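Single-structure report; data block below.
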Amino acid sequence: MPLTPEALLAHTGEGPRTAAVLADLWPGTVRAHGPEWGRDALRHALLRLAPGSAHAAELLDLATTTGLWPLGPEEAARLAGNGRRATRHALWRHLHSHPEGGRLLPPVTEAADPYEALLLSRDLTLPDGPGRGPGPLVAQNMLLGGFDTPGQGASGGLSVLLGALGDALADLGSLAGVLTIVTAGHAELASGDGLLSERHAGHWVLRLPVDSDGPPPQHRLAEHRPALAWWATRLLGLLGRPVDVLHVRYADEGSLALAQAADGVDARLVFTATPDPHRRLVESHRQADPRDPGRAHRLRDDLHRVYLADRLVDRAATVVAIPGPSGTRDLVRHFPLLAARHGPAGPPAPPEGIAPYRPAQDEEAARRDLLAELFSGGHRPDGLAPTDRDLPLLLCVGRLHPVKQQDVLLRAWLAAGLWRTSTLVLVGGAAELPTAEEEHMRKALWSLVVGRPEAARRLAVRPALPNEAVRRLEHALGDPAHGLRAWYVCPSAKEEFGLAVLEAMEAGLPAAGPRRGGVAHYLRDGVNGVLLDTASAATLAEDLGRLVALPESQRSRLARAGRDTVNARFPVSGMAEALAELYRETGTAGTAGMAGTRVPSPA
Numbered sequence: 014m015p016l017t018p019e020a021l022l023a024h025t026g027e028g029p030r031t032a033a034v035l036a037d038l039w040p041g042t043v044r045a046h047g048p049e050w051g052r053d054a055l056r057h058a059l060l061r062l063a064p065g066s067a068h069a070a071e072l073l074d075l076a077t078t079t080g081l082w083p084l085g086p087e088e089a090a091r092l093a094g095n096g097r098r099a100t101r102h103a104l105w106r107h108l109h110s111h112p113e114g115g116r117l118l119p120p121v122t123e124a125a126d127p128y129e130a131l132l133l134s135r136d137l138t139l140p141d142g143p144g145r146g147p148g149p150l151v152a153q154n155m156l157l158g159g160f161d162t163p164g165q166g167a168s169g170g171l172s173v174l175l176g177a178l179g180d181a182l183a184d185l186g187s188l189a190g191v192l193t194i195v196t197a198g199h200a201e202l203a204s205g206d207g208l209l210s211e212r213h214a215g216h217w218v219l220r221l222p223v224d225s226d227g228p229p230p231q232h233r234l235a236e237h238r239p240a241l242a243w244w245a246t247r248l249l250g251l252l253g254r255p256v257d258v259l260h261v262r263y264a265d266e267g268s269l270a271l272a273q274a275a276d277g278v279d280a281r282l283v284f285t286a287t288p289d290p291h292r293r294l295v296e297s298h299r300q301a302d303p304r305d306p307g308r309a310h311r312l313r314d315d316l317h318r319v320y321l322a323d324r325l326v327d328r329a330a331t332v333v334a335i336p337g338p339s340g341t342r343d344l345v346r347h348f349p350l351l352a353a354r355h356g357p358a359g360p361p362a363p364p365e366g367i368a369p370y371r372p373a374q375d376e377e378a379a380r381r382d383l384l385a386e387l388f389s390g391g392h393r394p395d396g397l398a399p400t401d402r403d404l405p406l407l408l409c410v411g412r413l414h415p416v417k418q419q420d421v422l423l424r425a426w427l428a429a430g431l432w433r434t435s436t437l438v439l440v441g442g443a444a445e446l447p448t449a450e451e452e453h454m455r456k457a458l459w460s461l462v463v464g465r466p467e468a469a470r471r472l473a474v475r476p477a478l479p480n481e482a483v484r485r486l487e488h489a490l491g492d493p494a495h496g497l498r499a500w501y502v503c504p505s506a507k508e509e510f511g512l513a514v515l516e517a518m519e520a521g522l523p524a525a526g527p528r529r530g531g532v533a534h535y536l537r538d539g540v541n542g543v544l545l546d547t548a549s550a551a552t553l554a555e556d557l558g559r560l561v562a563l564p565e566s567q568r569s570r571l572a573r574a575g576r577d578t579v580n581a582r583f584p585v586s587g588m589a590e591a592l593a594e595l596y597r598e599t600g601t602a603g604t605a606g607m608a609g610t611r612v613p614s615p616a
């Protein structure tokens, strides 16, 4: 039996993580105990607050989610209208849901910025969008980082994958359309771009406004969860036809917000589950020092991610896995519910894939220009000396983040003495307005070569490039006609799949990736690539030395085998076909999970 309304509301004001848990549990409590009880409990809690109290936002959002009106519109406005920004926004969302609440909204002309102008708009509309053909309308989410800026901030391989996958799904013709849900911060909203646009025939992008300069980092999504859920519910409801299936891929508050929105618009939820939250909990805290002052905070963060993953698995009509070397056994072990649903074999694991590389009309000239720019001078932090062009080159592409371990790679390269016999090129991070993590990583990288001018001359740290440019660079490095002996190296602590590794393999670069995670699912050591022990700089240095020492004949053989692997097993078209069938089955199946979050108000 769900907790009573009073028992849940006793925990309001305890922070964003607890607020996410309460928002997840509150609809079940209202269903179990009745909307009258929920409304009265909310009213009692709200009337105890002083006008403008920050705690009013959380209570109003709970009321909005379940369609309850514990206060009249005028009472709510008096309580929260003069509060801080987040409280005012919660009030405005609440007023939108009341038949008479709109008249108490401030005029759009009083909005402080484009975000508030959209929030205050009572007659918001979307252009005619997806859903024109037969089959289900499918939505997928990409809330971390910019959709078109991979390698910058939190945006990584997922943005590349979802762009190519959405296009491929639309091209199949068996779906009504594909909708990729992204965020739009203040700068993007001010640009005047619409909230809905078509990026490819049948593949649309829906932008959820966020009250932030840019895409919120993952650890800040909890603060935006109520607004994200509200915006997603509102905008999905404005489409010309309802979304049938919504696919989320991360165990975070952004996915929980979209799961709540899926319930609000009667869409079936698909969730890609990984063992990571549970596995990380065990590995990180099994031998943690109890005297570590930050241990309790990190433990609570990891436990919260476990909770989110468990709840998304429970809510989902369909759960899918990412292909891995152990199949789905680890997933079933961490999520017993999946064993009950699917048996010991676990849930389906559709193949992943990458889009085919499409050369430009002036491809050869563009490749030569890229290489000329790269080898334009070792005195530049982003360049190499032309005289070093004959040395083996190690390329690493990805967002600058501790889990990607570019600093560990550089330490290993230095420790192994490879700076004497090779060059290292790191690509990633925003050129303008870098995040704190990007700044920290860049400082860490350059601090490692202070006082080592020869090593610094053979290190190039370049900002993120568009995916098209990255793949062109990889094809240029992998083309035997250019005479370069290049490797692609992924030093991550782990990769659930490793899209960038596949792209490098497709380009003809021999690839090396971490033993831990999903790369070992397709990369076999000594057969079509090299597996690395990335647990420390020392172990990585040993493996890098082994890699660079391979004779050219073996390097070329691994490159050919890697390209054959990708071409045979990992086209994005195969991924699209498998997922389209799964979406059609999910869209026509009976409702599963925790549907029906919204409880109509008795008023």
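Plus 13 on top of the position in the sequence shown (first one is 1) and you've got my numbering. Just so it is clear, CB atoms sit at the ideal spot from N, CA and C, and this is done for glycine as well. It should be emphasised that the depicted structure is a prediction, and the values quoted were computed from it without experimental measurement.
In the DSSP annotation of this structure, the continuous segment of the alpha helix (DSSP H) that includes residue 419 starts and ends at 419-428. When the five nearest sequence neighbours on each side are left out, the beta carbons in the same chain lying within less than 8 Å of the beta carbon of residue 206 are those of 197 and 220, in order along the chain. Excluding residues up to 5 positions away in sequence, 157, 167, 263, 265 and 267 lie with their Cβ nearer than 8 Å to the Cβ of residue 231 in the same chain. Following the DSSP letters along the chain, one finds residue 39 inside the alpha helix (DSSP H) bounded by residues 29-46. Where residue 190 is concerned, the enclosing beta strand (DSSP E) starts and stops at 190-197. Considering only 598, 430, 102 and 586, the residue with the shortest C-alpha distance to residue 224 is 102.
Measuring C-alpha to C-alpha distances from residue 29 to each of 420, 269 and 438 identifies 269 as the nearest. When rounded, the separation of the alpha-carbon atoms in residue 226 and residue 200 is 6 Å. Counting every other CB atom within 10 Å of its CB across the protein chains shown gives residue 417 a total of 16 or more, marking it as buried.
Residue 345: member of the alpha helix (DSSP H) spanning 342-347, first to last residue. CA-to-CA, the gap between residue 415 and residue 359 works out to about 31 Å. Distances from the alpha-carbon of residue 100 to those of 67, 88 and 130 put 67 closest. A straight-line Cα-Cα distance of about 23 Å links residue 133 and residue 36. Under the 10 Å beta carbon count, residue 540 is surrounded by fewer than 16 other beta carbons and is classified as exposed.
Spanning the alpha carbons of residue 546 and residue 566 requires a straight line of approximately 24 Å. The way I'd put it, the stretch 451-460 doesn't touch the stretch 571-588; fewer than three beta-carbon pairs between them come closer than 8 Å.
Of the candidates 521, 522, 506 and 523, 506 places its Cα closest to the Cα of residue 531.
A contact is defined here as three or more CB-CB pairs under 8 Å, and the stretch 51-60 meets this definition with respect to the stretch 74-85. Look at residue 526 here: in three-state DSSP terms it is strand. Put simply, the stretch 273-283 does not touch the stretch 105-114. Fewer than three CB pairs are less than 8 Å apart. Put simply, the backbone Cα of residue 128 is about 27 Å away from that of residue 442.
For residue 599, the uninterrupted alpha helix (DSSP H) segment begins and ends at 585-601. With a minimum length of 3 residues, the unbroken runs of beta strand (DSSP E) contained wholly in the stretch 243-298 fall at 258-261 and 281-286. As DSSP reads the structure, residue 542 sits in a beta bridge with 538. For residue 560, DSSP records no beta bridge to any residue. Within the same chain, Cβ atoms closer than 7 Å to the Cβ of residue 21 are found at 35, 38, 39 and 42, the five residues on either side in sequence being excluded.
Inclusion of residue 104 and residue 94 in the CB contact set at 9 Å is warranted, their separation being smaller than that value.
The three-state secondary structure of residue 434, taken from DSSP, is coil. For residue 183 against residue 191, the beta-carbon gap comes to about 5 Å, under 8 Å, which counts as contact.
Burial state of residue 422 is buried, judged by a 10 Å Cβ sphere holding 16 or more other Cβ atoms. The stretch 347-365 makes no contact with the stretch 298-315; the number of CB pairs closer than 8 Å stays below 3.
Residue 59 sits away from residue 152, with the two beta carbons spaced by 9 Å or more. In this structure, the CA atom of residue 396 is about 43 Å from the CA atom of residue 313. Closest by C-alpha distance to residue 447, out of 479, 438, 431 and 413, is 413. Segment contact: the stretch 476-489 against the stretch 508-526, three or more CB-CB distances shorter than 8 Å; contact assigned. The DSSP-derived three-state label of residue 82 is coil.
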